[in-house]
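Note sheet for the following structure.
In my numbering, the protein residues as written are 1 to 92.
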């Protein structure tokens with residue numbers, strides 16, 4: 001990883017860790033601080049993939065957000081894609 005994670009990437013990575021619910025030998029559930037850099041990078045890689053998988057909004061997403069309006073769907077989709085790009089920019 002060549003850049004620091006974004007706030008959203010960290011949020012998603014930490015939720016993935018919680019979802020794993022893996023315990024340490026002490027019985028305590030692992031926390032972000034307990035992870036090695038290799039483990040953190042693995043969660044961040046998965047988080048980035050999950051965020052980027054949502055880059056192109058579905059029809060359902062646009063409809064539920066009230067964004068399917070008289071042919072303006074493309075503009076709304078572009079805004080969404082820009083937000084996802086900011087949440088998890090591609091590596092340069």
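Glycine is no exception: its CB is placed at the ideal position from the N, C-alpha and C atoms.
Could you work out which residue in the options is closest to residue i when comparing CA atoms only?
| i | options | result |
| --- | --- | --- |
| residue 88 | 3, 9 and 2 | 9 |
| residue 54 | 13, 19 and 84 | 84 |
| residue 33 | 6, 13 and 45 | 13 |
| residue 57 | 45, 81 and 40 | 81 |
Could you check the C-alpha separation between residue i and residue j for me, to the nearest Å?
| i | j | result |
| --- | --- | --- |
| residue 79 | residue 35 | 35 Å |
| residue 91 | residue 11 | 19 Å |
| residue 62 | residue 76 | 8 Å |
| residue 17 | residue 43 | 7 Å |
| residue 86 | residue 6 | 8 Å |
On the premise that residue j lies in contact with residue i, defined as a C-beta separation below 8 Å, what is that separation, rounded to the nearest angstrom?
| i | j | result |
| --- | --- | --- |
| residue 67 | residue 73 | 7 Å |
| residue 30 | residue 38 | Contact flag wrong, Cβ pair sits at about 14 Å. |
Buried or exposed for residue i, going by 16 or more other Cβ atoms inside 10 Å?
| i | result |
| --- | --- |
| residue 47 | buried |
| residue 51 | buried |
| residue 119 | Here the chain has residues from 1 to 92 only, and residue 119 is not among them. |
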